[in-house]
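A.B. asks:
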Amino acid sequence: ACVFSEDPAIVLDEMAAATRPGAASRRPDTPDVARALSRHRPIKQVVAPGTLDGGDVLVVGRTIFVGRTSRTNDAGIGQLRLAVASHGYTVVPASVRGCLHLKWAVTALDDGTLLVNRRWIAEDEFADFDLVDVDSDEPMAAWNWRRLSDGTPARRALRGVLLGADAAALRRRRDEPRRDRRADRLRR
Numbered sequence: 039a040c041v042f043s044e045d046p047a048i049v050l051d052e053m054a055a056a057t058r059p060g061a062a063s064r065r066p067d068t069p070d071v072a073r074a075l076s077r078h079r080p081i082k083q084v085v086a087p088g089t090l091d092g093g094d095v096l097v098v099g100r101t102i103f104v105g106r107t108s109r110t111n112d113a114g115i116g117q118l119r120l121a122v123a124s125h126g127y128t129v130v131p132a133s134v135r136g137c138l139h140l141k142w143a144v145t146a147l148d149d150g151t152l153l154v155n156r157r158w159i160a161e162d163e164f165a166d167f168d169l170v171d172v173d174s175d176e177p178m179a180a181w182n183w184r185r186l187s188d189g190t191p192a193r194r195a196l197r198g199v200l201l202g203a204d205a206a207a208l209r210r211r212r213d214e215p216r217r218d219r220r221a222d223r224l225r226r
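Position in the sequence shown counted from 1, then plus 38, gives you this note's numbering.
1. So what does DSSP say about Ser174, is it helix, strand or coil?
2. Decide yes or no for the touch test of the region 65-79 against the region 101-117: beta carbon pairs closer than 8 Å, at least 3 of them.
3. Look at Leu152 and Ala146 and say whether their C-beta atoms are less than 8 Å apart.
4. Are there 16 or more other CB atoms within 10 angstroms of the CB of Lys135, so buried, or fewer, so exposed?
5. Name the residue from Asp149, Val170, Pro87 whose alpha carbon lies nearest to the alpha carbon of Ala143.
6. Which same chain residues, not among the five before or five after Ala61, have their C-beta less than 7 Å away from its C-beta?
7. If you draw a straight line from the C-alpha of Glu176 to the C-alpha of Arg157, how long is it?
8. Is Ser124 helix, strand or coil by DSSP?
9. Which residues in the same chain have their Cβ closer than 6 Å to the Cβ of Glu52, if we skip the five residues on either side of it in sequence?
10. Assign Thr128 to one of two classes, buried (16 or more other C-beta atoms within 10 Å of its C-beta) or exposed (fewer than that).
11. Would you report the Cα separation of Trp181 and Lys82, rounded to the nearest angstrom?
12. Count the other C-beta atoms from every protein chain shown that fall within 10 angstroms of the C-beta of Val85, then say buried if there are 16 or more, exposed otherwise.
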């Protein structure tokens, strides 16, 4: 059996949420992963009628974006919100169109910069972040990116090699002073 490691559980420093995938065929993966994680942190289980798929969950700092998709419903989003609230996380539902999962459309390069396919998201839901567009020839590029433990963006297949987006643009953004978009908005 193939287990996509992010699908059966949302793992945070303080706790983990065992998911209930929207695809029934994926649900048998969850109990074994939850059991293994329970040795390391408290577990909260998403239960029916909630569905929550890890591919729809993007953690950026203390904000957790959750895509509303065919695999994740409002009941699942609500259960995740309750599970993480006491740990200081904010859960933000996100609109997804044209793809299966939120993380096919957007991923975090760092806590202030997101790699996005704007055709698949509601851009205004991510207004507090700098957005870097995926290359139009690789619309699913966001799905192929992950952050390394030190925060460095890396393509899953080639750790440490910057591919799939405009590498020069990413370097420029990295080297620019970080803007505080929330502070900018308050000044208006």
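We put the beta carbon where it would ideally sit given N, CA and C, even for glycine.
Here the structure is a predicted model, which is why all the values come from computation and not from measurement.
C.D. replies: Working from what's here:
1. coil
2. no
3. yes
4. According to the sequence provided, residue 135 is Arg. The question's Lys does not apply to it. By the neighbour-count rule (16 or more Cβ atoms within 10 Å), Arg135 is not buried but exposed.
5. Val170
6. Arg109
7. 13 Å
8. coil
9. His125
10. exposed
11. 26 Å
12. exposed
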